[in-house]
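Engineer:
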Amino acid sequence: MPGDGKPEGIGFDSLMENVTLAAIQGIDRNGVILHWNAGSEKLYGFPAAEAVGQRLSELIMSGTASAQLDRALGEAWESGRAVPPSAWPVTNKKGERLWVYTTLLPVSREGSVTEVFCMGIDMTGRKRVEEKLTGVNRLYSVFRKTGKAIVRCREPEELYEQVCRIAVEDGGFLMAWVGIVDPTNQLVMPVAHWGSEKGYLEKNRNSILEIPDGLGPTGTSVREDRYDICQDIENNPRFAPWRDEALERRYRSNAAFPLRIGSETIGALTLYADRPRFFDSEQVDLLESLAEDISFAIEGMDSEERRKGAQEALRRSEEYFRSLIENALDIICILDSKGAINYTSPSVERLLGYKRSELREKSIFDFLPKDEPPGLTGALSRIVGNPGSIGDAETLFRHKDGSWRTLEAVGKSYTDESGNVGVILNARDVTGRKRMEEELRRSEETQRALLNALSDSAYLIDAEGTILAINEMGAMEMGGKVDDVVGGDLFEMITPEVVEERRLKAGEVVSTAQPIRFESEMNGAFADISIYPIVDKLGQVSRLAILSRDITQRKKDEEAQRKDRDFVSAVINTTGALVVVTDSEGRIILFNSTCEQITGYSFSEVSGRHTWEVLLVPEEVERIKEMFAGLGSGEYPDSYECHWLTRHGARRLISWSNTVLHEKDGSIGFVIGTGIDFTERKKAEEALKESVEQYRAIFESTGTAMCIIDDNATVTFLNQEFERMTGYSAREVEGEMDFTGFLAPDDREEFLKHHRDTREVRRNVPVHFECELMDKRGNALSMFANMGFIPGRNSSVLSLVDLSKEKGYERDLQETAERLRHFLTVASHELRHPVTVVKGYATTLAEYMEEMPRELILDLLGDINSAANRLTRYVSELMDVSRVEEGRFPIERKAVDPAQLLRMSIEDMRMMEIQNEFAVKVDPGCGLMNVDPGKFVQLMVILLENAVQFSPPGSRVDIEVGKRNRGFIVDVKDQGVGITEEDQDSVFDRFFQVEETIHHSTPGIGLGLYIAREIIRGHGGEIHCRPREGGGTVFRFSIP
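In structure tokens form, the structure reads like this:
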């Protein structure tokens, strides 16, 4: 009967009742359900009693789908023909969304339609697989395009915006944004976004703290350094702070992935989808890999910026310290933990007679007395065992002439970046002072002369403290003259704060008859005091000799070293040279103690004033002003001489060595002038007249190539080492050749400038520079040159040290390290992409292949095959390089038609799916080429693939073959970006890439052109490249 869910008279019971694979309903003209089988109940969840009598479109459908079903039913009733099957969205009794593949079949009796059967099969599972595959394919598109953006973008902000755009436009996300942590407020601040944002980011905030504003995916991802997902924004309590704004913009699910630089999480990439449970495991894996790629890129950008900043700071620091140390008067040296000398300042030659090269790598203990008490040896041992500590000692050091010099040394130990301990040692020659002290102990008759010759305060007192003799410095310290002080009580004249200490020390010497030395401090002033006993004929101590040196400045220097601060100030105040620092306009901003001692002015009196206002003699004022005026144009001299006036009007001749330091923007920062007072030495130096034989004896004993040049740079004298190094004899050179004739063209102008500067100021402080010297055979030798003016001779002396081997080793090491770093970065980048593709597609096929269309399976297998081919090509290139390096790269020649070889090469390119046009031109009459066919095709494929990679898509590549001088010339011409002149030789080197590694935009690991060159060389030919007229590059090679 109608209404019981079964049709009459058509055998429904036997045919349809128990069918569960298909849902079948009988529908009348009004769309009302007449019959409802077991398959319908299983699929939709409604029993027949509930379904029969209701309209089908209203029971399981709504909205647009419901109206479409009613129209299809009407069409079946009117036409009497079946409606083709199609997929319909329906909702079951539980409210679950299903997809049903449905056919409408009209049933006719006596020529008219009496009922329409609706037959449906559940295809929800298949539909979901298709949606999942679509989502995965979109993410692979995002992955590929993001990789290209990483290559192109130079700044992180630009990359962030491109990633967000690609995620929305290609990944199907409603909105994407990148946020970076602001450490001041612990918030993730947006720096880029794309998609349907509509003020969402401005109205909401994301904290990285564990508070309500930090519990969403973005805050959790940054705080816990992992990805975090909210699959249902509407119902997840964690999303409460943002829910209303999110739902208003149709956000239904959300995921965030951390971005890192090194081990530090700096922000997150956050994505929003338009439906709940959007993010499955495959998508999460791909998005996590995408975030890691972005992190890798921004870490590279950050490392590059920090590297440039560190290099600039290091360069300026080294320039500043080298200028100060190289001009120091005291000996400054660097020792390793065993006492080997790694470095000495130039002053060692003046004070001890040794060339620096004669001391390098020698042990300092070889120059100390064998039976010396453990003074310097013990001090070095103590500070080496305690890195960062300071020690001082007095020691004897053997002069080059065999005599012994007394040195007062202060050293500080340090640890370098490799963990090795070393010592910086500052030594002053105090031989003269020590001799005077010794003479004082031996002879009372000459005490007055000796006392006044000392720069320290000196006293002679009896056992009760009465002053018997005193030098002028000591009297000044007491506030009177010598005659006024002698006869007074020493202990009544000194400050009460230290009188008891001094009295006890004097009593100790009287009672023990042993000298003592101690340091005393009073109101911040320090003194180094030595008390020596003088015994009478009865052996009793009757008098005391006291030496007192003001060591306040030294104490300040030691304190600065102990705190590891203000190293520059310590060097300046212990060198003994005049050091003046001025700004770009000549105003004094630093005036060291030596300047104060020589001029009589204190720093406070000259600070902020121009040097010519207080110090220069009138006739030299304009010259010094002009020098400062020329600073901006780089015309300030490296050295010059001038006269200073002391407070008392005395003239002092000062020889200056200058260093100009620039600010980061290129402007003049300040000028450091290091000067030596030559007033007393000038007369003696001008009186020296060295004979040719004396110069010869000195020059020949040095072991260094040396020569003398006159005003015109003509070589007037040279030693045997110079002859050996250059291959020229003295007869060919002396008086006949200019020194510039030995120099490489690029070095001549710099040398002439140093020569002019040296002669203009008659400077005898050496000028140091590097240059290339050409020997008689035309070989270029890298040299380190020292040039100084010879007073009274109108000549300059040059000494040359061959650095060729060191320079070569340094260049080879740098080039090898850079190429290896470059190769590892490129190889990891290039190998990772195809591996990722193979892994991703293989995983997808393994899980969904049975449900995927055949066309999609073939597409994925094609991508896997392309990635595998790419990996195979890289491995083949590496194996070819290995064979070349091991000499296992044989060339087997035979006569072959060049046109045939080019056709084979182009066919190989087509197999690589390269569709560019290849225009081939072979000159008539070329004949056969005698080459290795396989190697030749490999060579052409490398050149053609290189041309295609660096040319616009679809552009033409021209190939031309001609015969020249019993050989063949082959040109490959592209229309690409071209190669800079500086890279034209390097492109054939192993691992060379034109672009920076982090922006590597073309496939390959930099081996192709290297292999191409080795193939050509194996045939006895050569290859080079040059710019192509109109744009692009021409690669030309020849084969004999």
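Heads up: the sequence shown at position 253 corresponds to 268 in our numbering, and the numbers run straight through without jumps. Where a beta carbon is used, it is the ideal one built from N, C-alpha and C, also for glycine.
From this set, Glu523, Glu507, Gly95, Asp243, which residue's C-alpha is nearest arginine 124's C-alpha?
Structural biologist: Closest option to arginine 124, Cα to Cα, is Gly95.
Engineer: Between the Cα of leucine 562 and the Cα atoms of Ser1001, Trp51, Ser472, which residue gives the shortest distance?
Structural biologist: Comparing Cα-Cα distances from leucine 562 to each of Ser1001, Trp51, Ser472, the minimum goes to Ser472.
Engineer: Report the residue ranges of all alpha helix (DSSP H) runs contained in full by the segment 233-320; include only those spanning at least 4 residues, in chain order.
Structural biologist: Counting only runs of 4 or more, we get 258-263.
Engineer: Assuming arginine 1041 is part of the beta strand (DSSP E), what are its boundary residues?
Structural biologist: Arginine 1041 -> beta strand (DSSP E) spans 1037-1042.
Engineer: Whose C-alpha, out of Lys822, Leu958, Gly1046, is nearest the C-alpha of leucine 1024?
Structural biologist: Nearest of Lys822, Leu958, Gly1046 to leucine 1024, Cα basis: Leu958.
Engineer: Please classify lysine 218 as buried or exposed, where buried requires at least 16 other C-beta atoms within 10 Å of its C-beta.
Structural biologist: It counts as exposed.
Engineer: Is there a Cβ from chain B that is less than 8 Å from the Cβ of glutamate 650?
Structural biologist: Annotation note: the requested chain B is absent from the structure, which comprises a single protein chain.
Engineer: DSSP on valine 501, reduced to helix/strand/coil?
Structural biologist: Coil.
Engineer: Quick check: the Cα distance between isoleucine 687 and asparagine 673, rounded to an integer number of angstroms?
Structural biologist: Roughly 6 Å separates the two Cα atoms.
Engineer: From lysine 108 to glutamate 65, what distance separates their C-alpha atoms?
Structural biologist: Using only the alpha carbons, I get a separation of about 11 Å.
Engineer: Express the C-alpha separation of lysine 820 and alanine 759 in angstroms, rounding to a whole number.
Structural biologist: Each residue's alpha carbon lies about 18 Å from the other.
Engineer: For isoleucine 226, is the classification buried or exposed, using 16 other Cβ atoms within 10 angstroms of its Cβ as the cut-off for buried?
Structural biologist: By the neighbour-count rule (16 or more Cβ atoms within 10 Å), isoleucine 226 is not buried but exposed.
Engineer: Which one of Gly234, Gln83, Pro913, Gly135 has the shortest CA to CA distance from isoleucine 984?
Structural biologist: When only C-alpha atoms are compared, the closest one is Pro913.
Engineer: Along the beta strand (DSSP E) that carries glutamine 40, what are the first and last residues, could you check?
Structural biologist: Segment 38-42, the beta strand (DSSP E) holding glutamine 40.
Engineer: Output the distance between the C-alpha atoms of leucine 383 and proline 781, rounded to the nearest integer angstrom.
Structural biologist: C-alpha separation (whole angstroms): 29 Å.
Engineer: With proline 548 as the anchor, note down where its beta strand (DSSP E) starts and where it stops.
Structural biologist: Per DSSP, proline 548 belongs to the beta strand (DSSP E) from 540-550.
Engineer: Could you give the DSSP three-state label for threonine 661: helix, strand or coil?
Structural biologist: The answer is coil: DSSP assigns threonine 661 none of H, G, I, E or B.
Engineer: Can you tell which of Arg638, Glu1044, Asn980, Ile1054 has the C-alpha that lies nearest to the C-alpha of phenylalanine 951?
Structural biologist: Minimum Cα distance to phenylalanine 951 is reached at Ile1054.
Engineer: Would glycine 162 and valine 203 be called neighbours here (beta carbons separated by less than 8 Å)?
Structural biologist: Not a contact, by the Cβ cut-off of 8 Å.
Engineer: With DSSP as the reference, label serine 55 as helix, strand or coil.
Structural biologist: If DSSP states are grouped into helix, strand and coil, serine 55 belongs with the helices.
Engineer: In whole angstroms, give me the CA-to-CA distance for arginine 180 and glutamate 170.
Structural biologist: Rounded to the nearest angstrom, the two C-alpha atoms are 16 Å apart.
Engineer: Where do the ends of the alpha helix (DSSP H) carrying valine 183 lie?
Structural biologist: Unbroken alpha helix (DSSP H) run through valine 183: 171-184.
Engineer: State the Cα-Cα distance for the pair lysine 988 and valine 157, rounded to the nearest angstrom.
Structural biologist: Going from the Cα of lysine 988 to the Cα of valine 157 covers about 34 Å.
Engineer: Using only alpha-carbon positions, find the residue among Cys348, Met721, Ile1038, Ile48 that is nearest to alanine 63.
Structural biologist: For alanine 63, the nearest C-alpha among the options comes from Ile48.
Engineer: Answer with buried or exposed for phenylalanine 293, where buried requires no fewer than 16 other C-beta atoms within 10 angstroms of its C-beta.
Structural biologist: Buried.
Engineer: Report the CB separation of asparagine 269 from isoleucine 248 in whole angstroms; it is logged as a contact under 8 Å.
Structural biologist: Contact holds; Cβ gap of about 6 Å.
Engineer: Take arginine 397 as the anchor and find which of Leu860, Asp998, Val438, Asp772 has the nearest alpha-carbon.
Structural biologist: It is Val438.
Engineer: Using only the alpha-carbon positions, how far apart do leucine 301 and arginine 153 sit?
Structural biologist: Computed Cα separation, rounded: 11 Å.
Engineer: I need the DSSP call for isoleucine 379, collapsed to helix, strand or coil.
Structural biologist: The answer is helix: DSSP assigns isoleucine 379 an H, G or I state.
Engineer: Can you tell me the Cβ-Cβ gap for proline 273 and alanine 312, rounded? I've got them flagged as a contact below 8 Å.
Structural biologist: No, proline 273 and alanine 312 are not in contact; Cβ-Cβ is about 15 Å, not under 8 Å.
Engineer: With H, G and I counted as helix, E and B as strand and the rest as coil, what does DSSP make of glutamine 999?
Structural biologist: Glutamine 999: coil per DSSP, three-state reduction.
Engineer: Check the DSSP bridge columns for aspartate 973 and list the partner residues they point to.
Structural biologist: Answer is Ala934, Lys988, bridged to aspartate 973.
Engineer: Does proline 100 come out as helix, strand or coil in the three-state DSSP assignment?
Structural biologist: Proline 100: strand per DSSP, three-state reduction.
Engineer: Anyone know if the C-beta pair for tryptophan 103 and valine 128 falls short of 8 Å?
Structural biologist: Going by C-beta atoms, tryptophan 103 is not nearer than 8 Å to valine 128.
Engineer: If contact is defined by three or more beta carbon pairs under 8 Å, each pair taking one atom from either stretch, is the segment 183-200 in contact with the segment 282-293?
Structural biologist: As far as the Cβ criterion goes, the segment 282-293 touches the segment 183-200, which means the pair count is three or higher.
Engineer: Contact check, leucine 350 vs isoleucine 379 under 8 Å by CB: the rounded distance?
Structural biologist: Their Cβ separation, rounded to whole angstroms, is 6 Å, which keeps leucine 350 and isoleucine 379 in contact under 8 Å.
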